[in-house]
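Trainee: FYI, in the working numbering the residues of the sequence shown are 747 to 892.
The C-beta atom is built at its ideal place from N, Cα and C for all residues, glycine as well.
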Amino acid sequence: MKKNILLIFLPLLLFGCKNDCEGIACFTPPPNFIFELVDKTTGDNLFTKGELDSDTITVLNKNFESVNFEFISENNLNVIELSEIGWNLNLEQYTIKVGEIEFVVTLEMEEKHENCCTFFNILQFEVSKYTYQQSNSSEIIKILIE
747 MKKNILLIFL PLLLFGCKND CEGIACFTPP PNFIFELVDK TTGDNLFTKG
797 ELDSDTITVL NKNFESVNFE FISENNLNVI ELSEIGWNLN LEQYTIKVGE
847 IEFVVTLEME EKHENCCTFF NILQFEVSKY TYQQSNSSEI IKILIE
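1) Is the beta carbon of Val813 closer than 8 Å to that of Leu837?
2) Compute the Euclidean distance between the alpha carbons of Glu872 and Thr864, then round it to the nearest angstrom.
3) Just reading off the beta strand (DSSP E) that Tyr840 is part of, what are its end residues?
4) Using the C-alpha atoms, what's the distance from Glu830 back to Thr774?
5) Taking Ser800 as the reference, give the member of Ser883, Ile826 and Leu890 with the closest Cα.
6) Short of 7 Å in beta carbon distance, which residues of its chain neighbour Thr794, apart from the five on each side in sequence? Order them along the chain.
7) Terminal residues of the continuous beta strand (DSSP E) containing Glu857?
8) If you draw a straight line from the alpha carbon of Phe779 to that of Glu860, how long is it in whole angstroms?
9) What is the DSSP secondary structure of Leu752, counted as helix, strand or coil?
10) State buried or exposed for Phe849, treating a residue as buried only when at least 16 other CB atoms are found within 10 Å of its CB.
11) Cα separation between Gln879 and Lys786?
12) Could you compute how far the alpha carbon of Lys808 sits from the alpha carbon of Glu816?
13) Could you check which residue in Gln839, Val784 and Glu782 has the C-alpha nearest to that of Leu806?
14) Starting from Phe871, trace the beta strand (DSSP E) both ways and give me its first and last residue.
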């Protein structure tokens with residue numbers, strides 16, 4: 747009798763629970779953070795104008811450790827890309843220095859899991875010392891330098 751009950755309930759235990767997310771690959775990585783340093787008055791890119799030198803770029807985290815970045819120079823659009831900072835889920839600060847220009851980016855990210863998907867939300871984003879602009883159609887954050 748015990749064997750019969752076990753034989754009845756064993757398939758239910760093994761196959762009775764269905765994983766609704768099985769077979770669904772839904773993952774959106776965090777955004778890249780791309781900074782363009784522009785003249786506040788003219789809107790001109792300061793690297794393109796020759797006022798800033800990409801060899802002087804440094805990016806440090808709050809522990810003063812170097813942070814990976816890429817300087818992208820294409821079609822007169824010269825930007826600093828920080829592709830890894832969105833993966834850090836704690837409140838973080840990054841100091842970006844280019845020549846005499848220095849600003850701190852404060853960032854807090856959140857990883858979310860909904861409807862079988864994983865994605866990232868920006869909880870806090872601030873830039874110290876300078877005004878910034880970001881359009882809805884671009885990942886580029888323009889830092890307005892006086």
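Mentor: Well, looking at it:
1) no
2) 24 Å
3) Glu838 to Val844
4) 14 Å
5) Residue Ile826 holds the alpha-carbon nearest to the alpha-carbon of Ser800 among Ser883, Ile826 and Leu890.
6) Asn822 and Asn824
7) Ile847 to Glu860
8) 24 Å
9) At Leu752 the pLDDT is 49, less than 50, meaning the model places this residue with poor confidence; the figure from the coordinates comes in the next sentence. Correct three-state label for Leu752: helix.
10) buried
11) Each residue's alpha carbon lies about 11 Å from the other.
12) 19 Å
13) Minimum Cα-Cα distance from Leu806 among the listed residues Gln839, Val784 and Glu782 corresponds to Gln839.
14) Cys863 to Val873
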